[in-house]
Amino acid sequence: MMADQLVRAAVMVLGERDGVEVQTLEQRQALGKEVSCFLLSLGSFPCGPLPFSLGVYRAFFVLVAQWRDAGPSIDACHTVDAARGWLEAATEDERYSLDRELVGDVWFWGGPCDWTYKLLDTIAALHAGEDVRGAVKNVAGRLVESLEAASASASPLGEARPTALAILGICVDALAEIDWDEEATDEAPLSLRFAQLLTDVLWHSLEGEFKIVAGILERLLARGSTFSFNAAGEMAETIVDKLGRELRYSRELAPDGEAEQFATGIDTVFGSCLQVMLSIDMEDAMHAIRYDLLESLLALLKPMLEFTADNDGDDQVVQLDSLATRLFDRCSRVVDGVFLLNH
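Start counting at 1 in the sequence shown, then tack on 113, and there's your number in the working numbering.
And the structure:
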């Protein structure tokens, strides 16, 4: 959540505290001082002494939570940064315990939490000037493999999905921060592997999980790196590929009653991917959207129309057709020059 939103929430909570409308210059100045004092006190909350009652803090946190839930994304500071802070401070036993929740039996080479911790440690060594590029690539690959095994297991991630998304967010953010330079000879670059796994974990997720991924993409946009561009582009392509596989094989977009929510979530994430690409490198983004995404979606829409005609009344096919059309429309508007970066 942006700083100006926190200020606005504090103004609303403190301004409405006594039920007296703030009108005069003196009242506004007094409120401004209280807001500054309140926001500063958040740094020491919940330790005392606090300058305001607990009821005021409670009202503030409730309002902020409501705004966050209503927004299209959850700021990465609440997911990626919070998870990274816990991971770096956790004991080996605590990381092992969380790995068991994520992947069940943790084999001798470790689970995703352990590998993420090692990845951050290796990146820190890279920052310090050590020649550990090979180690970064190896550790990140092991991490992806551990999460791939979890997402492909007989017991899907389920309630652990937000944790898996946060771990993936930590990794792509760390690689985007150093602008990981991928080698042209890599058959499966890290941006592709992480993008595919993010999409796999996200598929058939809940609304809050889509917001986590949207927040991760916002963080990639803020990094503004080539790795950010590559990861967003690979994720957009993976979404189109998975949609095609749904049509060819399962034709099941989401359980009854959840299809529209899922389609909206995928559409929003796909739009965020385009926004990241266009903001970082407009020329390369336009080329990728025209030739990698738009043409793939166009090829997908033709059989989609045939399936729709042959399966009139099949809600799942109709939902697939609707989502594919949404994504095609987004790409088409980019190519036609009417795409707005904030839409």
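Glycine included, every Cβ here is placed at the ideal spot set by N, Cα and C.
DSSP on Gly321, reduced to helix/strand/coil?
In this structure, Gly321 counts as helix in the three-state DSSP scheme.
Range of the contiguous alpha helix (DSSP H) that encloses Asp227
Its alpha helix (DSSP H) spans residues 225-240.
Buried or exposed: where does Tyr362 fall if 16 or more other Cβ atoms within 10 Å of its Cβ makes it buried?
Of the other Cβ atoms in all chains shown, fewer than 16 fall within 10 Å of the Cβ of Tyr362; this residue is therefore exposed.
Alpha carbon to alpha carbon, how far is Gly242 from Leu436? Give it in angstroms, no decimals.
Straight-line Cα distance between these residues: approximately 46 Å.
Assuming Pro225 and Asp206 are in contact, meaning their beta carbons sit under 8 Å apart, how far apart are those beta carbons, in whole angstroms?
At roughly 16 Å, the Cβ-Cβ gap does not stay under 8 Å, so Pro225 and Asp206 are not in contact.
Terminal residues of the continuous alpha helix (DSSP H) containing Arg141?
Annotation for Arg141: the continuous alpha helix (DSSP H) segment containing it runs 138-154.
For Trp199, which of helix, strand or coil comes out of DSSP?
Note: Trp199 maps to helix in three-state DSSP.
Count the other C-beta atoms from every protein chain shown that fall within 10 angstroms of the C-beta of Thr312, then say buried if there are 16 or more, exposed otherwise.
Within a 10 Å sphere around the beta-carbon of Thr312 sit 16 or more other beta-carbons, which makes this residue buried.
For Ser259 and Ile187, what's the separation of their Cα atoms in angstroms?
Spanning the alpha carbons of Ser259 and Ile187 requires a straight line of approximately 26 Å.
With the cut-off set at 8 Å, would you say Glu295 and Asn343 are in Cβ contact?
Judged by beta-carbon spacing, Asn343 lies within the 8 Å limit of Glu295, meaning their Cβ atoms are closer than that value.
For the segment 191-200 against the segment 270-290, do three or more pairs of beta-carbon atoms, one drawn from each stretch, fall closer than 8 Å, so that the two count as touching?
The answer is yes - the segment 270-290 touches the segment 191-200, with three or more Cβ pairs under 8 Å.
Through-space distance from Val249 to Leu256, alpha-carbon basis
Those two C-alpha atoms are separated by around 11 Å.
Looking only at its own chain, which residues have a Cβ that is under 6 Å from the Cβ of Ser268, when we skip the five neighbours before and after it?
Summary for Ser268: the model assigns pLDDT 46, below 50, so the residue's position carries little reliability, and this model does not support an answer.
Cys444 and Leu391 - do their beta-carbons sit closer together than 8 Å?
If you check the CB distance, Leu391 and Cys444 do not come in under 8 Å.
By Cβ distance below 7 Å, which residues in the same chain neighbour Trp316 in space, the five residues on each side in sequence not counted?
Correct list, in chain order: Lys355.
Whole-angstrom distance between Gln388 and Pro164, CA atom to CA atom
Approximately 42 Å, taken between the alpha carbons.
Which one of Gln374, Ile352, Ser409 has the shortest CA to CA distance from Gly384?
For the set Gln374, Ile352, Ser409, the Cα lying nearest the Cα of Gly384 is the one of Ile352.
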